[in-house]
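Residues 1273 to 1771 (my numbering) make up the sequence shown, in order. Glycine included, every Cβ here is placed at the ideal spot set by N, Cα and C. On a predicted model such as this, the values are computed, not experimentally measured, just so you know.
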Amino acid sequence: MSRPDNPRHLTRLSWLQKLMYGAGHVLNDLCASMRFSYLLLYFEGVNSFSKPLAGFVLLLSQVVDAVATPLIGYESDRVNGCFGYGKRKSWHVLGKCIRCNDSSELARFFYYAPFIVIFQFGWASTQISHLDLLPELTPSNMQRVELNAVRYAFTVISNLALYSLTWLIISKSDLLPGEKIVPADAPKFREIVLIAVGVGMIFTIIFHIGTKEESCDQHVYSTCSSQSYGSTDETYQTHRVEYLQPISLQSYTWMHWLKEYRFYLVTLVYVCTRLVFTLSQIYLPMFVLHSLQLHKKYIAIVPLVVFISGFIASFMMKPFDEEAGRKLTYILGLLLVCGGCSWMWFLPAKHPHQMYGAAVFLGIGTSTISVTSLAMTADLIGDRVSSGAFVYGTMSFMDKLSNGIAVVLIQYFHPCWSEVTECSAASALYYRQILGFVLGGVCGLAFAVILILALTNIGMIHQGSSQSVDRRLTMTGSDSESDETRPLIERSQLVAERS
């Protein structure tokens, strides 16, 4: 008798499908790149905010994002899609529509607040629904790594496009050399934002047309149909556990995750990764302007070099990950980040050429740890996709909150709350210390957590209703990946567990 037709377990995603999935986060990537790279520069230079007040603007956006993210993650797991549309894509399109209301009105802090709230709710809705769609598209670990790589590649391409656009607009309209962002630069930022949002909406439409998600009714039908088949065929009985797996794991809820120590360790790795990525993105333009005292066009050129390096690295890490495993790949990325930050500490002012080498190290390192941390998260979730949005939502909550608090503290302890000539030397040293000591300390914490995770297998969770399924999968050998295709570290751990 033929096996039940379950496309999720039998169909391999094509590269076109993977590209369509990656396109769904382009608008978020463009907006995030503008927000993290230029928000502080904009509010300090164009709007003449003090450094602490500019930091509180970013903190407000992070707090709203942090609060909205787990709520949306929970609702995304619980609520079915609208009008037969998949529940993840329903939340994705909702986030895009909400964000369209954030128009070009500019004013002081109290006037920006409601627009920040609207924008961040839409941003969180899109981010969580797009992330949680990943483990639902395929059960294969290697295909999830490929989807993560494609997703991050689109992130890098979006940043490349934005920084190239910024470079073009600033260079075209800036006739006089200058090192500071001033109120006269407001039209340049407005032009950049309008172009970025227009391009992002086009990619959003491509994602919704090209990415197929099962509706709730289709998912229930396919899983229930797999139970109705009866067969004495030994091969079918061996693989039958795979079809029953999503049903057994439906009861794995957020309470189970809170009892799992690997959840906290992977969350800490993810938060450290996002701290390194976000803080370097925020303060690299500051470092270029104040510490290196370069022309303001370099606030686009240097980040452009960082993301070109990250784009190349995103396609080169898969072979290394297959041979060495997630943890060693992550450690390599940490070493590259530390190397780039150390290089920046010793860079002389007004000499941009050495900055390119440090930017390459930083780009490859941040790309490596970003992709690998997301892959670790997907490994942790495994086939427990019914509560996957809670995992992503919780991690994003901690990510946003920690980044917002870190930025406010950095801004508060800045020696100059407003830019004055006699404080330029102290400001230049301060931004060197941020990229050197702050990022280095976060990398050290991430390294310590990875050493703890090296003693365990991230995806092997034995709790509640999923315990029997995990054990049966190990005994029958019906996992989606063979032992030969597992990374070296995971292979050795699996052998130890089976012995």
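When only Cα atoms are considered, TYR1664 and ALA1456 end up about 40 Å apart. Between the region 1585 to 1597 and the region 1716 to 1725 there are fewer than three inter-stretch CB-CB distances shorter than 8 Å, so the stretches are not counted as touching. Separation of TYR1555 and MET1667 (C-alpha to C-alpha, rounded to the nearest whole angstrom) is 23 Å. Nearest to VAL1578 by C-alpha distance, out of PRO1620, TYR1602, VAL1548 and LEU1634, is LEU1634.
Comparing alpha-carbon positions, the option among PRO1407, HIS1402, PHE1328 and LYS1290 lying closest to ILE1653 turns out to be PRO1407. In this structure, SER1412 and TYR1524 do not form a Cβ contact; the two beta carbons are roughly 20 Å apart against a cut-off of 8 Å. Residue range 1570 to 1596 is occupied by the alpha helix (DSSP H) that includes PRO1575.
Residue range 1660 to 1684 is occupied by the alpha helix (DSSP H) that includes THR1666.
Using a 10 angstroms sphere on the CB of HIS1625, the tally of other CB atoms stays under 16, which defines it as exposed. GLY1582 is positioned such that its CB atom lies closer than 8 Å to that of VAL1428. Counting the other CB atoms within 10 Å of its CB gives ARG1284 a total below 16, which places it among the exposed residues. In the structure shown, THR1539 adopts helical secondary structure according to DSSP, grouped into three states.
Judged by DSSP secondary structure, GLU1316 falls outside any alpha helix (DSSP H); it is assigned neither H nor E. Cβ-Cβ distances below 8 Å link THR1649 to VAL1538, TYR1542, VAL1663, TYR1664 and MET1667 in the same chain, with the five nearest sequence neighbours on each side left out; the list follows chain order.
Taken atom to atom, the span from the alpha-carbon of LYS1452 to that of LEU1561 is near 7 Å. With respect to the C-alpha of THR1728, the residue from ALA1338, ARG1598 and LEU1619 having the closest C-alpha is ARG1598. SER1645: member of the alpha helix (DSSP H) spanning 1625 to 1653, first to last residue.
Of all alpha-carbon atoms in GLY1296, VAL1469 and TYR1314, the one lying nearest the alpha-carbon of SER1397 is that of GLY1296. A straight-line Cα-Cα distance of about 34 Å links HIS1686 and LEU1343.
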